[in-house]
Amino acid sequence: MRNVTRDFSSPFPAFELSAEEKERLDKLAELLVQNTIAEYESHVYDDAGVVDHDYWQFMKRRQKVRVYLGRSEKEIMKRKYRAMVKKKRKAIDNNAHLDFVEESASSWSRTAGASETATTATRRPPGAVKLQPNFDLPTFLVAGTLEGTLDDAMYGATASTVDEMRIKTSYVHDNIVDAAILARIIEPSLESPFRWLCVKWAEKGQHPPWLQALFKNRDAVVLEATGTTNLTNGDRVGYLLMQSVHFPQTEPLASRIRSSLSMCIVFHEDSSAGGTVAVFAKASMNPMSGITRLLVVRSTVEALLSMGQFVRCARMKKLAWALRQQHSCSIAHIPDEYHGSAHSNGEGPRACAQCKTTLLPRSFAWLERRRQTQEASFPHCKLCFQSLCHKCIVKEKLSCIPVDDELQRLMRREITFCALCIHVAVMRTQSSVVASEEAESSQRNTEGHKSLITAWLRGMLDQPLFASSNQRSSAARR
8 MRNVTRDFSS PFPAFELSAE EKERLDKLAE LLVQNTIAEY ESHVYDDAGV VDHDYWQFMK
68 RRQKVRVYLG RSEKEIMKRK YRAMVKKKRK AIDNNAHLDF VEESASSWSR TAGASETATT
128 ATRRPPGAVK LQPNFDLPTF LVAGTLEGTL DDAMYGATAS TVDEMRIKTS YVHDNIVDAA
188 ILARIIEPSL ESPFRWLCVK WAEKGQHPPW LQALFKNRDA VVLEATGTTN LTNGDRVGYL
248 LMQSVHFPQT EPLASRIRSS LSMCIVFHED SSAGGTVAVF AKASMNPMSG ITRLLVVRST
308 VEALLSMGQF VRCARMKKLA WALRQQHSCS IAHIPDEYHG SAHSNGEGPR ACAQCKTTLL
368 PRSFAWLERR RQTQEASFPH CKLCFQSLCH KCIVKEKLSC IPVDDELQRL MRREITFCAL
428 CIHVAVMRTQ SSVVASEEAE SSQRNTEGHK SLITAWLRGM LDQPLFASSN QRSSAARR
């Protein structure tokens with residue numbers, strides 16, 4: 008089954024930035040990232056990763072990623088007062104009840120008239136996060152973990168071309184319906200495959216889609232930055248920054264509502280947990296009220312939860328990359344049928360390469376004749392070309408943009424694999440190496456460029472699936 012979506016188109020022409028503007032934007036991105044990293048360190052090391060529910064309202068959870076919305080100043084004061092009353096009620100006896108009521112009423116009167124400084128100085132419960140929402144803007148906090156590596160998260164988060172943005176959207180479902188890169192500042196390179204800085208325009212669709220008939224889509228012009236840096240203790244972290252910016256060339260459009268947003272995501276691989284990446288983010292947007300606020304908050308929560316799909320996006324991109332190396336063509340041109348297999352010959356029945364189940368018993372002559380005339384009807388792995396039974400086949404839906412398509416439509420195609428090839432291509436192939444090779448290939452503009460990792464991958468995939476584990480280990484060492 009193949010799904011096709013249209014190409015992205017920009018309402019603004021691309022423009023060049025001066026060296027001074029590029030330097031200023033680079034410094035702005037660095038400052039915003041460092042501020043978020045400082046908040047993350049306080050959240051983890053000072054407060055043990057505990058979110059203070061007096062300040063943050065839990066909104067939604069997907070897998071292990073949770074999104075919180077900052078409470079209003081009035082709501083925070085009410086919650087603190089209720090907690091104080093509840094605590095004192097447990098501490099006093101029945102004889103002092105009257106004195107307690109008078110004291111709590113007096114305390115509430117002082118709290119209600121206190122300044123913002125006094126509110127900030129209120130004693131926080133031990134382990135509570137020091138982060139406080141911006142009372143003037145809707146503020147979001149994201150905390151959780153992803154299953155994977157830091158490089159996987161960064162490979163899934165980075166999109167340095169329009170085609171990569173479209174493919175990323177198809178995997179993470181962030182509801183982006185149109186986007187364009189307006190100005191490039193720093194390009195990914197072989198040495199820094201995740202270092203990326205640009206000015207981007209993006210349009211976000213309505214969620215659910217039927218709301219588009221009632222409300223205009225919202226768009227934004229943002230400074231987008233990705234890369235890796237280090238914490239104060241030396242731990243390596245990755246980041247994704249989106250900060251609204253304005254240029255004379257990007258005036259608001261009448262058909263869209265211009266949004267102002269600020270978001271920074273930090274990824275920190277937990278070496279002690281093994282294969283786990285902590286994710287932390289803060290985001291804010293322009294103020295709004297009424298039903299508009301309700302709809303935008305819901306849409307923003309869904310968009311923030313999409314970061315939980317970054318690792319899966321990276322793994323699907325690595326599978327697509329492995330297919331391109333093995334077939335030397337686009338996913339769109341890989342044949343659906345394959346005639347011949349390492350476990351197919353005219354002398355015996357065909358068997359599943361994984362569970363060894365006989366696919367066609369030799370005793371049935373009519374089935375044997377059918378095997379010879381319709382040999383391609385058996386499912387097989389598109390990487391190693393081995394025959395598989397329907398229980399062992401693994402199907403993944405991959406996205407691609409055919410080079411020969413004049414309309415540059417994105418195609419979603421279901422591809423069959425075996426579990427071993429998925430493990431080799433996804434788990435044993437480093438995302439940083441694939442990203443470096445793609446960056447170098449893009450710079451050279453040569454589709455046929457192959458590196459050592461490509462040769463290693465092909466060597467692993469070309470091995471017979473019946474090889475022993477010792478043979479496979481020795482091949483990996485070579």
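This note's numbering numbers the first residue of the sequence shown as 8 and each following residue consecutively.
Ideal Cβ positions, reconstructed from N, Cα and C, are used throughout, including at glycine.
On a predicted model such as this, the values are computed, not experimentally measured, just so you know.
Phe317 by DSSP, collapsed to three states: which one? Reduced to three states, the DSSP call for Phe317 is helix.
Classify Val410 as helix, strand or coil using the three-state DSSP reduction. Val410: coil per DSSP, three-state reduction.
Rounded to whole angstroms, what's the CA-CA distance from Ala209 to Phe19? Just pull it up for me. Ala209 and Phe19: Cα-Cα distance of roughly 11 Å.
Just checking, does the segment 192-208 make contact with the segment 231-243 on the three C-beta pairs under 8 Å criterion? Yes: at least three Cβ pairs fall under 8 Å.
Residue nearest to Cys396 in terms of C-alpha spacing, selected from Leu405, Ile422, Leu417, Thr364: If we check each option's Cα against that of Cys396, Thr364 comes out closest.
My understanding is that Leu302 touches Phe222, with C-beta atoms under 8 Å, so please give their C-beta distance in whole angstroms. The C-beta separation of Leu302 from Phe222 comes to about 7 Å, placing the pair in contact by the 8 Å criterion.
Work out the CA separation of Ala90 and Val433 for me, nearest whole Å. If you take the alpha carbons of Val433 and Ala90, they lie about 49 Å apart.
Looking at the secondary structure, which residues open and close the beta strand (DSSP E) in which Val273 lies? Counting along the chain, Val273 sits inside the beta strand (DSSP E) bounded by residues 268-277.
For Tyr47 and Lys404, the rounded distance between their alpha carbons: So the two alpha carbons sit approximately 35 Å from each other.
C-alpha gap between Thr236 and Ala160, whole angstroms: Straight-line Cα distance between these residues: approximately 14 Å.
Quick one: give me the first and last residue of the alpha helix (DSSP H) that Asp158 is part of. Start and end: 157-164.
Quick one: is Lys325 buried, meaning 16 or more other Cβ sit within 10 Å of its Cβ, or exposed? By the neighbour-count criterion, in which 16 or more other beta carbons inside 10 Å mark a residue as buried, Lys325 falls on the buried side.
With a threshold of 8 Å, are at least 3 pairs of Cβ atoms found where one atom belongs to the segment 18-37 and the other to the segment 52-68? Contact between the segment 18-37 and the segment 52-68 is absent: fewer than 3 CB-CB pairs across the two stretches fall below 8 Å.
Beta carbon of Ser251 nearer than 7 Å to that of Thr146: The Cβ atoms of Ser251 and Thr146 do not sit closer than 7 Å to each other.
Exposed or buried, which one is Gly241 when buried takes at least 16 other CB atoms within 10 Å? It counts as exposed.
Look at the alpha carbon of Val40 and the alpha carbon of Ala21, and state the distance between them as a whole number of angstroms. One C-alpha to the other measures close to 26 Å.
Cutting at 7 Å between CB atoms, please list the residues of its own chain near Ile192, excluding the five before and the five after it. Counting only Cβ-Cβ distances below 7 Å, and skipping sequence neighbours, we find Leu24, Lys29, Leu32, Asp33, Leu204, Cys205.
Span of the beta strand (DSSP E) around Glu210: DSSP places Glu210 inside the beta strand (DSSP E), whose first and last residues are 203-211.
Is the beta carbon of Val286 sitting closer than 7 Å to the one on Gly151? Contact annotation: Val286 and Gly151 have beta-carbon atoms nearer than 7 Å.
Assign His180 to one of three DSSP states: helix, strand, or coil. DSSP places His180 in coil when its eight states are reduced to three.
Cys425 to Asp61 span [Cα, whole Å]: Taking C-alpha positions only, Cys425 is separated from Asp61 by approximately 49 Å.
Please list, in chain order, all residues of the same chain as Ala187 whose beta carbon is under 6 Å from its beta carbon, the five residues on each side excluded. Only Ser17, Trp208 meet the Cβ criterion.
Do you know whose CA, among Val304, Thr307, His387, lies nearest Ile341's CA? Answer by Cα proximity: His387.
Can you give me the C-alpha to C-alpha distance between Leu268 and Trp63, rounded to a whole angstrom? Taking the straight line joining both Cα atoms gives about 19 Å.
Cβ distance (whole Å) where Phe317 is taken to contact Ala442 below 8 Å: With a Cβ gap of about 13 Å, Phe317 and Ala442 do not count as contacting.
Determine whether the beta carbon atoms of Leu248 and Ala36 lie at a separation below 7 Å. The answer is yes: Cβ separation under 7 Å.
Drop a sphere of 10 angstroms on the beta-carbon of Arg322, count the other beta-carbons inside from all chains shown, and report buried for 16 or more, exposed for fewer. Flag for Arg322 reads buried.
Taking its Cβ as the centre, do 16 or more other Cβ atoms sit within 10 Å of Glu413, making it buried, or is it exposed? Exposed, because fewer than 16 other Cβ atoms sit within 10 Å of the Cβ of Glu413.
Terminal residues of the alpha helix (DSSP H) in which Arg263 lies: Where Arg263 is concerned, there is no enclosing alpha helix (DSSP H), given that its DSSP letter is neither H nor E.
As a quick exercise: from Pro200, Leu330, Lys71, pick the residue whose alpha carbon is nearest that of Ala166. Nearest Cα to Ala166 within the set Pro200, Leu330, Lys71: Pro200.
Glu231 (DSSP reduced to helix, strand or coil): If DSSP states are grouped into helix, strand and coil, Glu231 belongs with the strands.
Between Arg435, Asn42, Arg68, which lies nearest to Gly282 when the distance is taken from Cα to Cα? Nearest in C-alpha terms to Gly282, of all of Arg435, Asn42, Arg68, is Arg435.
Looking only at its own chain, which residues have a Cβ that is under 7 Å from the Cβ of Leu38, when we skip the five neighbours before and after it? Excluding sequence neighbours, Leu38 sits near nothing in its chain.
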